[in-house]
Amino acid sequence: MSKRLVSLGDSFTEGVGDEDPSSPNGVRGWADRVASTLAANHQDFRYANLAIRGKLLGQVLAEQLDPALALNPDLVTLYAGGNDLMRPKVDIDALIDDYDAAVGKVVATGARVILFTGVDGVEDALFRRIRGRVAIYNEHVRGVAVRHGALLVDMWAMRQLRDRRLWAPDRLHLNSLGHNEIAIAVLEALGEPHKLTPAELGPRPLLSPQARRTENLQWGKEHAVPWIKRRLRGESSGDSLAPKRPTMEPYA
1482 MSKRLVSLGD SFTEGVGDED PSSPNGVRGW ADRVASTLAA NHQDFRYANL
1532 AIRGKLLGQV LAEQLDPALA LNPDLVTLYA GGNDLMRPKV DIDALIDDYD
1582 AAVGKVVATG ARVILFTGVD GVEDALFRRI RGRVAIYNEH VRGVAVRHGA
1632 LLVDMWAMRQ LRDRRLWAPD RLHLNSLGHN EIAIAVLEAL GEPHKLTPAE
1682 LGPRPLLSPQ ARRTENLQWG KEHAVPWIKR RLRGESSGDS LAPKRPTMEP
1732 YA
C-alpha cells in the first residue's frame, strides 16, 4: 500500500503533452493520473511531483533526489536520461552508474521504486536515429531494477506507443491518450485497481508520401527548429519553471 508518492524526472513525468490549464504548470500527465487513482483507493494519500521539463539525468538527481527523500515517501517514480540520449555525445555507462547509486539511495530508505525503460522509436524518423542508444540504456535500467528490487514499467515493450496518435504534435511528448497508457501500466505494476481504459483508436490512417512530407515540413518548422535553437543557445524549456507539486499534499 502506497500513501506517500513522489515523482522525479523530466518532461515525461511533469506531464508535458497532456495540456491542462487547470493543472500546475499547465500540464497533467500520467503521474497525476496515477495519484488521482491512489487518492481514491487510499485514505490519507499524499503526492508530490518534482519533475521539470528539459532536465538531464544529472540535473534530476542533483536537484530533485534529496528534496524528494526529505518528503519521506514510501513510493518513488524515477525516469531520467531521455534528454541525455538526444545529445550529440553521451556516456551511457556513466549515466547508469549515477542512476544506480540514486536508486540504491532511495531503496535504502525503505521506499518502493518504479523505473521505466525508454520507448522504442523504430517507426519515428527522429527517435529511430537513437534507437541503439535507447536499447543500451534500457538494458542497463533493467539491471538496475533487478539489483534493487524495483518495479519496472517497460515502455519499450508497449507497442501501442509506436502509434503517433498517442503523441503530442511535437512528437517528443505523449499526449493525453499516451499519458493515460502510462498511468495504466504504472497502476498495474503496483497491483492497484483502477477505472482507466486504454485508447481504442482503430486502424491507423494511411498518408500519401506527399501528405507525409507536408506534415514533416510543418513539424520541422513549428517544433524541430525551435528545439535546435534552444540547444544552440544552451537553453532549456524548463529553465524558468518550478516543480508543479513541490510539497507532499493530498491530490485534488
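Count along the sequence shown starting at 1, add 1481, and that's the number in the numbering used here. All residues carry an ideal CB built from backbone N, CA and C; glycine is no exception.
Which residues share a DSSP beta bridge with residue i?
i: L1489; result: L1559
i: W1754; result: Lying outside 1482 to 1733, the shown extent of the chain, residue 1754 is not represented and no answer is given.
i: Y1528; result: L1486, E1730
i: W1500; result: With the sequence shown as reference, residue 1500 is identified as Glu, and Trp is not the correct amino acid for it. Partner(s): V1508.
i: L1633; result: L1596
Around the Cβ of residue i, are there at least 16 other Cβ atoms within 10 angstroms (buried) or fewer (exposed)?
i: N1661; result: buried
i: V1487; result: buried
i: L1596; result: buried
i: H1654; result: buried
i: T1518; result: buried
i: S1483; result: buried
i: V1497; result: buried
i: S1657; result: buried
i: A1583; result: buried
i: P1554; result: buried
i: V1508; result: buried
i: A1543; result: exposed
i: V1541; result: buried
i: R1609; result: exposed
i: A1445; result: Within the shown structure, residues of the chain are numbered from 1482 to 1733, placing residue 1445 beyond reach of any answer.
i: R1694; result: exposed
i: M1683; result: Here residue 1683 turns out to be Gly, not Met, going by the sequence shown. So G1683 ends up on the exposed side.
i: R1534; result: buried
Report back the beta-carbon spacing between residue i and residue j to the nearest angstrom; my notes put them in contact at under 8 angstroms.
i: K1515; j: V1634; result: In the sequence as presented, Lys is not what sits at residue 1515; that position holds Val. V1515 to V1634, Cβ: 11 angstroms. No contact.
i: N1564; j: D1491; result: 6 angstroms
i: A1680; j: L1647; result: 7 angstroms
i: D1579; j: L1538; result: 7 angstroms
i: T1494; j: N1522; result: T1494 to N1522, Cβ: 20 angstroms. No contact.
i: D1581; j: V1627; result: Going by Cβ atoms, the distance from D1581 to V1627 rounds to 11 angstroms, so no, they are not a contact pair.
i: L1776; j: L1489; result: Summary: the structure shown does not reach residue 1776, with the chain confined to residues 1482 through 1733, and so no result is reported for it.
i: M1567; j: I1611; result: 6 angstroms
Excluding sequence positions up to five away, which residues of its chain have a Cβ less than 6 angstroms from the Cβ of residue i?
i: Y1528; result: L1486, A1516, Y1732
i: V1557; result: V1487, V1587, A1592, V1594
i: T1598; result: N1619, V1622, D1635, M1636, W1637
i: D1601; result: W1637
i: A1520; result: F1526, Y1732
To which residues of the same chain is residue i closer than 8 angstroms at the C-beta, ignoring the five residues directly before and after it?
i: V1571; result: D1565, R1614
i: D1672; result: The sequence given here places Gly at residue 1672; Asp does not occur at that position. Hits under 8 angstroms: none found.
i: Q1641; result: L1647, E1662, P1679, A1680
i: V1603; result: R1609, R1612, R1643
i: E1730; result: R1527, Y1528, A1529
So, at 7 angstroms on beta carbons, what are the nonlocal neighbours of residue i in its own chain, with the 5 sequence-adjacent residues on each side left out?
i: A1664; result: W1511, R1514, V1515, L1677
i: D1525; result: K1484
i: G1585; result: H1629
i: P1505; result: K1725, R1726
i: A1670; result: I1595, L1632, V1634
i: P1548; result: L1531
i: T1590; result: L1550
i: S1721; result: none
Under 8 angstroms, Cβ to Cβ, is there at least one residue of chain C near residue i?
i: V1627; result: Within the model displayed, chain C is absent; a lone protein chain is all it includes.
Problem set entry | Complete alpha helix (DSSP H) runs within the stretch 1542–1629 (minimum length 4 residues, chain order) | 1563–1566, 1573–1588, 1606–1609, 1612–1629
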